[in-house]
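Visitor: Take this structure, written in structure tokens, and hold onto it; I'll ask about it next.
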Amino acid sequence: MFRKFLISIGVQENGNDSNKYERIETYAADQDEIMLTDNNNNNKLQQKMAKDEDDIVNVKNIRADMRKYVVACAIFASLNSVLLGYDVGVMSGAIIFIQQDLKITETQQEILVGILSILSLLGSLAGGKISDTIGRKWTIALASIVFQSGAAVMALAPSYQILMIGRLLAGIGIGFGIMIAPVYIAEISPSIARGSLTSFPEIFINLGILLGYISNYVFSGLPVHSNWRIMLGVGIAPSVFLGFALFIIPESPRWLVMQNRIEEARTVLLKTYDNTKEVDERLAEIQMAARIANADKYKEKAVWLEILNPSPAIKRMLITGCGIQCFQQISGIDATVYYSPTIFKDAGIKGNTELLAATVAVGFTKTMFILVAVFLIDKLGRKPLLYISTIGMTISLFCLSFTLTFLGDQRFGIALAMLFVCSNVAFFSVGIGPICWVVSSEIFPLRLRAQASGLGAVGSRVSSGVICMSFLTLSHAITVGGTFFLFSVISALSVVFVHTCVPETKGKSLEQIEMLFQKGSELQVGGEIEMGDAECLVQRQ
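Dropping the structure here:
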């Protein structure tokens with residue numbers, strides 16, 4: 032080996048020195064050239080790495096801007112939900128002073144509280160058709176205008192009859208708002224964040240409830256003739272912010288495709304997705320779904336006819352969407368919120384100020400736990416949170432029933448009643464409260480989405496109205512504790528419904544979810560639907 036090494040640098044055993052030094056110099060020159068090349072390569076590599084790091088930073092900045100844009104759109108679209116929440120919260124206290132001022136009966140109180148939910152179904156039913164005609168964005172604006180009119184009439188009402196007229200207008204406006212906000216947000220959001228963003232309306236409902244409770248407490252010291260009017264009139268404020276929002280939020284890209292405004296839809300999608308390739312893929316999926324809807328329109332096949340005479344896949348969607356909406360309400364959440372002063376009074380709290388102060392704790396708990404759901408809904412998924420929510424509500428409602436029945440008018444019983452009311456609204460807010468709207472807005476195909484979501488909202492509002500309009504009567508018949516035992520049984524049934532009828536939709540596009548119901552079985556976790564599958568969907572339709 033040593034001999035070969037000497038030969039390789041030009042040293043031979045009987046050779047001359049000049050040959051040896053000539054070869055060594057050549058070797059050294061070659062080494063210098065190699066080192067220079069290596070340095071140049073290293074410099075280029077470092078420059079490329081620096082450029083890549085800059086590109087990564089730019090991509091992160093673009094993604095951050097996109098997230099902010101989509102979140103801003105979701106927030107503005109959800110402002111109408113503040114109106115519903117505020118009405119629910121403020122009426123729980125205002126009804127005490129309305130009864131004293133207008134001298135209304137207990138039956139009239141039930142009607143006044145519950146009728147808004149019944150009347151909102153008019154807005155929910157009409158909202159689907161209106162949003163398909165004038166667009167999702169302007170339906171949100173219409174909802175705000177109608178509610179503003181109703182709130183103004185209620186604040187100035189000189190009699191029970193005029194108060195009911197204002198309630199009618201407010202109910203229709205709320206019906207528009209609760210139907211269209213989740214649909215709009217679901218259609219504009221990227222799949223990876225759709226669950227969190229679509230839960231924004233429920234966040235704002237809870238924020239509105241908290242603001243309503245605070246308003247009750249703040250204005251309760253004013254004269255009876257004016258305090259409830261101020262409480263109701265303050266509800267107009269969120270609509271003012273919504274007027275400014277209309278200059279910022281875009282129209283739904285899926286609605287734009289339905290109107291053959293493809294370039295406008297692409298412009299909106301470019302603001303919500305990371306790259307043009309993903310935008311083109313989503314646009315292709317939406318166009319396929321829109322062709323189905325347009326084909327049905329050309330055939331003059333009524334959407335409502337398809338809903339009333341559904342295919343097996345559509346039937347599964349309707350059972351899931353409408354069922355979860357009804358279970359959200361018939362487990363008694365609106366009765367808990369509307370009549371929380373009555374519950375605490377039955378537990379032993381005396382005095383209007385103390386009762387209204389206790390309700391603020393309920394509103395605060397409900398608002399805080401909805402934020403937990405926002406962070407977990409796209410990480411844990413819909414079904415795990417639904418299980419936690421419905422099981423937790425069942426236990427809380429049963430314990431509240433036991434406390435009100437056997438421990439009422441005791442200091443320990445008052446503390447337990449407050450604990451179980453707060454735990455009930457906490458479990459509601461972390462699961463079925465927001466997820467109900469997420470699921471019902473994402474499972475229906477594009478051609479049916481607005482109307483079917485409106486139908487689900489109708490189920491929710493009717494259920495809420497029936498519960499609220501019968502709570503006081505039912506409580507007199509079987510006691511407040513007995514009423515909450517009934518709610519706990521219904522909540523237990525909702526656990527079974529979640530297990531059998533609600534699929535996991537986390538991380539799937541709206542078009543992929545449609546395929547999930549078409550196949551009749553849940554997609555593999557992390558699985559993707561290929562374009563061929565979407566074409567098969569078009570052919571089946």
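Those letters in the sequence shown? Residues 32 to 572, per the numbering used here, in order. Ideal Cβ positions, reconstructed from N, Cα and C, are used throughout, including at glycine.
1. Can you tell me the Cα-Cα spacing of residue 571 and residue 547, whole angstroms?
2. Who are the Cβ neighbours of residue 131 in its own chain at under 6 Å, not counting the five residues just before and after it?
3. If residue 148 sits next to residue 492, beta carbons under 8 Å apart, how far is it from one beta carbon to the other, in whole angstroms?
4. Keeping to the same chain, check which residues put their C-beta closer than 7 Å to that of residue 377; ignore five residues upstream and five downstream.
5. Is residue 136 helix, strand or coil by DSSP?
6. Residue 217 by DSSP, collapsed to three states: which one?
7. Please name the residue, chosen from 175, 397, 312, 240, that lies closest to residue 212 on a Cα-to-Cα basis.
8. With a cut-off of 8 Å on the beta carbons, I'd call residue 487 and residue 290 a contact; round off their distance for me.
9. Please list, in chain order, all residues of the same chain as residue 329 whose beta carbon is under 6 Å from its beta carbon, the five residues on each side excluded.
10. By the three-class DSSP mapping on this structure, what secondary structure does residue 223 have?
11. Taking contact to mean at least 3 C-beta pairs separated by less than 8 Å, is the region 333-353 in contact with the region 532-543?
12. For residue 408 and residue 402, what's the separation of their Cα atoms in angstroms?
13. Closer than 7 Å by C-beta to residue 447: which residues in its own chain qualify, once you throw out the five before and the five after it? Chain order, please.
14. What separation, rounded to the nearest whole angstrom, lies between the Cα atoms of residue 241 and residue 108?
15. Assuming residue 177 is part of the alpha helix (DSSP H), what are its boundary residues?
16. Would you verify that the beta carbon of residue 395 is, or is not, closer than 8 Å to some beta carbon of chain D?
17. Ends of the alpha helix (DSSP H) at residue 385?
18. Would you report the Cα separation of residue 429 and residue 498, rounded to the nearest angstrom?
19. Quick one: residues in its chain with C-beta nearer than 8 Å to the C-beta of residue 168, no 5 flanking neighbours on either side, listed in chain order?
20. Pick helix, strand or coil for residue 484, following the three-state DSSP scheme.
21. When DSSP labels each residue in this structure, what does residue 412 get in the three-state scheme?
22. Let me know the secondary structure DSSP gives residue 305 once reduced to three states.
23. To the nearest angstrom, report how far apart residue 373 and residue 133 are at their CA atoms.
24. Mark residue 336 as exposed unless 16 or more other C-beta atoms lie within 10 angstroms of its C-beta, in which case mark it buried.
25. Using three-state DSSP, classify residue 478 as helix, strand or coil.
26. Would you tell me roughly how many angstroms separate the C-alpha atoms of residue 521 and residue 467, rounded to the nearest one?
27. Within its chain, find whatever has a CB closer than 6 Å to the CB of residue 405; leave out the 5 residues flanking it on each side and keep chain order.
28. For residue 452 and residue 460, I'd like the C-alpha separation in whole angstroms.
29. Using three-state DSSP, classify residue 331 as helix, strand or coil.
30. Please go through the same chain and pick out, in chain order, the residues whose beta-carbon is closer than 8 Å to the beta-carbon of residue 238, but skip the five residues on each side of it.
31. Among 464, 410, 235, which one has its Cα closest to the Cα of residue 423?
32. Give the straight-line distance between the Cα atoms of residue 316 and residue 222, rounded to the nearest whole angstrom.
33. To which residues of the same chain is residue 207 closer than 7 Å at the C-beta, ignoring the five residues directly before and after it?
34. Can you grab the Cα-Cα spacing for the pair residue 183 / residue 198, in whole Å?
35. Round the Cβ separation of residue 127 and residue 383 to the nearest angstrom and send it over; I've been treating them as touching at under 8 Å.
36. Around the Cβ of residue 258, are there at least 16 other Cβ atoms within 10 angstroms (buried) or fewer (exposed)?
Guide: Well, looking at it:
1. Within the sequence shown, residue 571 is the residue found at index 540, counting from 1. Within the sequence shown, residue 547 is the residue found at index 516, counting from 1. Here residue 571 scores only 40 on pLDDT, less than 50, and its place in the model should not be relied on; the value that follows carries that caveat. If you take the alpha carbons of residue 571 and residue 547, they lie about 14 Å apart.
2. Mapped onto the sequence shown, residue 131 falls at position 100. Closer than 6 Å at Cβ, skipping near neighbours: 255.
3. The residue given as residue 148 occupies position 117 in the sequence shown. The residue given as residue 492 occupies position 461 in the sequence shown. Contact flag correct, Cβ pair sits at about 5 Å.
4. Residue 377 sits at position 346 when you count from the first residue of the sequence shown. Cβ within range, chain order: 435, 439, 511.
5. The count along the sequence shown starts at 1 and reaches residue 136 at position 105. Residue 136: coil per DSSP, three-state reduction.
6. Taking the first residue of the sequence shown as position 1, residue 217 is located at position 186. In the structure shown, residue 217 sits in a helix (DSSP, three-state: H, G or I).
7. The residue given as residue 212 occupies position 181 in the sequence shown. When only C-alpha atoms are compared, the closest one is 175.
8. The sequence position of residue 487 within the sequence shown is 456, counting from 1. The sequence position of residue 290 within the sequence shown is 259, counting from 1. In fact, because the Cβ distance is near 24 Å, the residues do not count as touching under 8 Å.
9. For the purposes of this step, residue 329 is taken as residue 298 along the sequence shown, with counting starting at 1. Model confidence at residue 329 stands at a pLDDT of 43, short of 50, so the residue's coordinates are unreliable; what they give is reported in the following sentence. Cβ neighbours of residue 329 beyond the five flanking positions: none.
10. Against the sequence shown, residue 223 aligns to sequence position 192. Residue 223: helix per DSSP, three-state reduction.
11. yes
12. In the sequence shown, counting from the first residue as 1, residue 408 sits at position 377. In the sequence shown, counting from the first residue as 1, residue 402 sits at position 371. Distance between the alpha carbons of residue 408 and residue 402: 10 Å.
13. The count along the sequence shown starts at 1 and reaches residue 447 at position 416. So the qualifying residues of the chain are 434, 438.
14. Reading the sequence shown from its first residue, position 210 is the one you call residue 241. Reading the sequence shown from its first residue, position 77 is the one you call residue 108. Going by the C-alpha atoms only, they are around 19 Å apart.
15. The residue you call residue 177 lines up with position 146 of the sequence shown. 167-187 is the span of the alpha helix (DSSP H), which, as asked, contains residue 177.
16. Among the chains of the structure shown, chain D does not appear; only one protein chain is present.
17. Taking the first residue of the sequence shown as position 1, residue 385 is located at position 354. From DSSP, the alpha helix (DSSP H) with residue 385 extends over 383-407.
18. Residue 429 sits at position 398 when you count from the first residue of the sequence shown. Residue 498 sits at position 467 when you count from the first residue of the sequence shown. Cα to Cα, the separation comes out at about 18 Å.
19. Start at 1 with the first residue of the sequence shown, and residue 168 comes out as number 137. Cβ within range, chain order: 215, 277, 280, 281, 282, 283.
20. As a position in the sequence shown, residue 484 is number 453, starting the count at 1. Reduced to three states, the DSSP call for residue 484 is helix.
21. Counting from 1 along the sequence shown, the entry for residue 412 is found at position 381. Coil.
22. On the sequence shown, position 274 is the one that residue 305 refers to. Here residue 305 sits in coil by DSSP.
23. Here residue 373 refers to the residue found at position 342 of the sequence shown. Here residue 133 refers to the residue found at position 102 of the sequence shown. Whole-angstrom Cα-Cα distance: 19 Å.
24. The sequence position of residue 336 within the sequence shown is 305, counting from 1. Exposed, because fewer than 16 other Cβ atoms sit within 10 Å of the Cβ of residue 336.
25. Residue numbering aside, residue 478 sits at position 447 when the sequence shown is read from its first letter. The answer is coil: DSSP assigns residue 478 none of H, G, I, E or B.
26. As a working mapping, residue 521 is identified with position 490 in the sequence shown. As a working mapping, residue 467 is identified with position 436 in the sequence shown. The straight-line gap from Cα to Cα measures roughly 16 Å.
27. In the sequence shown, the residue the question calls residue 405 occupies position 374. Closer than 6 Å at the Cβ level, and outside the excluded window around residue 405, lie 227, 230.
28. Locating residue 452 in the sequence shown gives position 421, where the first residue counts as 1. Locating residue 460 in the sequence shown gives position 429, where the first residue counts as 1. Residue 452 and residue 460: Cα-Cα distance of roughly 12 Å.
29. Translated into positions along the sequence shown, residue 331 becomes position 300. For residue 331, the predicted structure reports a pLDDT of 40, less than 50, and the residue's modelled location is therefore unreliable. A value from the coordinates is still provided. Coil at residue 331, not helix or strand.
30. Taking the first residue of the sequence shown as position 1, residue 238 is located at position 207. Once the five neighbours on either side are set aside, the close Cβ partners of residue 238 are 113, 116, 398.
31. Within the sequence shown, residue 423 is the residue found at index 392, counting from 1. Answer by Cα proximity: 464.
32. Counting from 1 along the sequence shown, the entry for residue 316 is found at position 285. Counting from 1 along the sequence shown, the entry for residue 222 is found at position 191. Distance between the alpha carbons of residue 316 and residue 222 is about 13 Å.
33. Mapped onto the sequence shown, residue 207 falls at position 176. Excluding residues within five positions, the ones whose Cβ falls inside 7 Å are 154, 158, 170, 173, 174, 177.
34. As a first step, residue 183 is located in the sequence shown; it is residue number 152 there, counting from the start. As a first step, residue 198 is located in the sequence shown; it is residue number 167 there, counting from the start. So the alpha carbons of these two residues sit roughly 10 Å apart.
35. Here residue 127 refers to the residue found at position 96 when the sequence shown is read from its first residue. Here residue 383 refers to the residue found at position 352 when the sequence shown is read from its first residue. The pair is a contact, with the Cβ atoms about 6 Å apart (cut-off 8 Å).
36. Taking the first residue of the sequence shown as position 1, residue 258 is located at position 227. Classification for residue 258: buried.
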